[in-house]
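Undergrad: Okay, handing you the structure first.
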Amino acid sequence: MLEQPDTQVQEVWIKPSGGNERARLLVVRDDLLHPLMGGNKLRKLDALIPELQQEGCTDVVTCGGSQSAHIVAVAVACAERAVACAERGLRAHLLLRGEPFKTPTGYNLLAGMYGKVTYVPRSEYADRDTLLSKYSQKLEDECPDGSTVPRIIREGASDPEAVLGLLRLARFLATCGRLAADKPATVIIDSGTGTTAISMALAFALLRLPWQVVGVRLAGDETSYHQAHVRLAQAAAMKYGLPILLPEDVSLRWVERSHPRRFGKVLPGEIAECQRIARETGILLDPIYTLAGWQVAVQHLQETDAVCGEVLLLHTGGTMGMFGLAQRYPDEFNTASQAPYEC
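The C-terminal position of the sequence shown is numbered 360 in my numbering, with every residue numbered one higher than the one before it.
Structure representation (structure tokens):
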């Protein structure tokens, strides 16, 4: 999908708490790749959507939360293939967990603009594989002439094609001049399904880069992320003939976010912290995902030295989810918006 894998790399200077010298953080601004599909969502679809269309796919079925950046990325990507290929785009069927919003906003609003939305009870959504399979089969049954060819994209696009998209990004980082391909570096990635962090670690290993990935766990324990790694590595190896690189074969370390909590919960002060960072750096973070990566990156800078190499934060996008959060935490957003600038 991306004609070129290039992205902006922004330099930010962080002053560690209790110290006088500032440390450099490089932020990979994948959030700026596309107005609606920015971040790791587009990277994971980079190879997948064109491949589906080559295979004759007509309809894509996927699932996600009511404010999922993933579902919107899938829907927009399917629609934009019509422009890129001078032919009809793919139809996107989006299965959303929960109930309709009284006033659609953010990713929820965009999902309905670009794709067909079906709301699914939480009890039924718990078995995602069955949910997706049943819906896909229903689409086939509705067109017995074979004119409908549905394909499933798993939640978070945790498919082997994601490895190819992140491999393109890894190659760009190795040649863009901001990092030395023969020196250590640490790339920090906030992780929902873990697909992006795992794919990036696989890419670094395949390219023989001496770089480590630190995945910030947001939605599971370390065992579940290791299991996801094995599934993805085996699937990529089977589909593309790649070597099977298991967790012990790559440089990938899983850590908890600085302040662990139930997934989706926002702690007091985090919205104000996102505002402070936006005012000081021009980088918009969200408290669910990207703030977690930022905080781990700052902590890493405080605990290591220059010998350990550059520290990069991969901005995974998803900032439009702030619209949904504003419905849940209106008082915090109102308070933050009226806060004076720091002296």
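Glycine is no exception: its CB is placed at the ideal position from the N, C-alpha and C atoms.
Suppose contacts are defined by Cβ-Cβ distances below 8 Å. Is residue 133 in contact with residue 96 by that definition?
TA: Here residue 133 is taken as the residue at index 116 of the sequence shown, counted from 1. Here residue 96 is taken as the residue at index 79 of the sequence shown, counted from 1. In this structure, residue 96 does not lie closer than 8 Å to residue 133 by Cβ.
Undergrad: So residue 111 and residue 92 are in contact, right, with Cβ under 8 Å, and what is the actual spacing, rounded?
TA: Stepping through the sequence shown from its first residue, residue 111 is reached at position 94. Stepping through the sequence shown from its first residue, residue 92 is reached at position 75. Here residue 111 really is in contact with residue 92; their C-beta atoms are around 6 Å apart, less than 8 Å.
Undergrad: Run through the DSSP bridge pairs and tell me what residue 167 is partnered with.
TA: Here residue 167 refers to the residue found at position 150 when the sequence shown is read from its first residue. Residue 167 is bridged to 76.
Undergrad: Looking at residue 326: is its Cβ nearer than 8 Å to the Cβ of residue 200?
TA: Along the sequence shown, one-based indexing puts residue 326 at 309. Along the sequence shown, one-based indexing puts residue 200 at 183. Yes, these two residues count as a Cβ contact at 8 Å.
Undergrad: Below 6 Å CB to CB, which residues in the same chain sit around residue 249 once its five sequence neighbours on both sides are set aside?
TA: Position 232 of the sequence shown, counting from 1, holds the residue named residue 249. Closer than 6 Å at the Cβ level, and outside the excluded window around residue 249, lie 215.
Undergrad: Can you tell me where the beta strand (DSSP E) with residue 234 in it begins and where it stops?
TA: The residue given as residue 234 occupies position 217 in the sequence shown. Unbroken beta strand (DSSP E) run through residue 234: 228-234.
Undergrad: Give a yes or no on whether the C-beta atoms belonging to residue 177 and residue 257 are separated by under 8 Å.
TA: Counting from one through the sequence shown, the residue named residue 177 turns up at place 160. Counting from one through the sequence shown, the residue named residue 257 turns up at place 240. Taking 8 Å as the Cβ cut-off, residue 177 and residue 257 qualify as a contacting pair.
Undergrad: Return the first residue and the last residue of the beta strand (DSSP E) that residue 207 is part of.
TA: Taking the first residue of the sequence shown as position 1, residue 207 is located at position 190. Taken as a continuous stretch (DSSP letters only), the beta strand (DSSP E) holding residue 207 covers 202-208.
Undergrad: Kindly indicate the opening and closing residues of the beta strand (DSSP E) around residue 27.
TA: For the purposes of this step, residue 27 is taken as the residue at position 10 of the sequence shown. Looking at the DSSP string, the run of the beta strand (DSSP E) that includes residue 27 is 26-31.
Undergrad: Assuming residue 49 and residue 314 form a contact by the criterion Cβ under 8 Å, report the distance between their Cβ atoms to the nearest whole angstrom.
TA: Taking the first residue of the sequence shown as position 1, residue 49 is located at position 32. Taking the first residue of the sequence shown as position 1, residue 314 is located at position 297. In fact, because the Cβ distance is near 18 Å, the residues do not count as touching under 8 Å.
Undergrad: Ignoring anything shorter than 4 residues or poking outside the stretch 271-295, list the alpha helix (DSSP H) runs there in chain order.
TA: none
Undergrad: Might you give, ordered along the chain, the residues of its own chain that have their beta carbon closer than 8 Å to the beta carbon of residue 239, omitting 5 neighbours on each side?
TA: For the purposes of this step, residue 239 is taken as residue 222 along the sequence shown, with counting starting at 1. Around residue 239: 271.
Undergrad: By Cβ distance below 6 Å, which residues in the same chain neighbour residue 222 in space, the five residues on each side in sequence not counted?
TA: Here the question's residue 222 lines up with position 205 in the sequence shown. 262 and 267.
Undergrad: Between 353, 243 and 349, which has its C-alpha nearest residue 296's C-alpha?
TA: The sequence position of residue 296 within the sequence shown is 279, counting from 1. Measuring from the Cα of residue 296, the nearest candidate turns out to be 353.
Undergrad: Could you spell out the range, first to last residue, of the beta strand (DSSP E) harbouring residue 110?
TA: Taking the sequence shown and counting its residues from 1, one reaches residue 110 at position 93. 108-114 is the span of the beta strand (DSSP E), which, as asked, contains residue 110.
Undergrad: With DSSP run on the structure shown, which of helix, strand or coil describes residue 180?
TA: As a first step, residue 180 must be located in the sequence shown, where it is residue number 163. Helix, per DSSP.
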